[in-house]
Structures are given as structure tokens and as C-alpha cells.
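Comments concern the structure below.
In this note's numbering, the protein residues as written are 2 to 57.
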């Protein structure tokens, strides 16, 4: 099943959108929140990315 969502965030504390091994990303935080809410792994795919510290 697929869903579409529009999100916005303050990117000050993030190292960009895409999941990274040694830094906190928006994708990682969002996927962890969805896992907590739905009790299963959920992968998020974005139509664009941001760099570190960028707000979207």
C-alpha cells in the first residue's frame, strides 16, 4: 500500500534528508517515528532531498 504525504521541517539539527551512517537525517527520524506508530518497518521515499541545515 502506498501513501503520499507533504511534510515540512526545521533542518537545523539534521544532516540533510537522506539516511546516513554517522549523522541524524530527516528520513531516519521520520521512519523511526512511523515504526513507533505502526509497529513495523516503513521505508520513506522522497521526491527531493535537502542538504545539512536546510529547512523545507
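For each residue, glycine too, the CB sits at the ideal point set by N, CA and C.
Everything numeric in this text was worked out from a predicted model, so none of it was measured.
Per DSSP, what kind of secondary structure is residue i in: helix, strand or coil?
i: residue 34; result: helix
i: residue 55; result: coil
i: residue 49; result: coil
i: residue 127; result: Residue 127 falls outside the range modelled here, since the chain spans only 2 to 57, and no answer is possible.
i: residue 13; result: helix
Residue i: buried (16+ other C-beta within 10 angstroms of its C-beta) or exposed?
i: residue 27; result: buried
i: residue 39; result: exposed
So, for residue i: in the same chain, excluding its five sequence neighbours on each side, which residues have a beta-carbon less than 8 Å away from its beta-carbon?
i: residue 54; result: 12, 13 and 15
i: residue 25; result: 14, 15 and 16
Does the distance from the C-beta atom of residue i to that of residue j stay below 9 Å?
i: residue 21; j: residue 50; result: no
i: residue 29; j: residue 42; result: no
Can you list, in chain order, the residues of its chain whose CB lies under 6 Å from that of residue i, leaving out five sequence neighbours each side?
i: residue 56; result: 11 and 12
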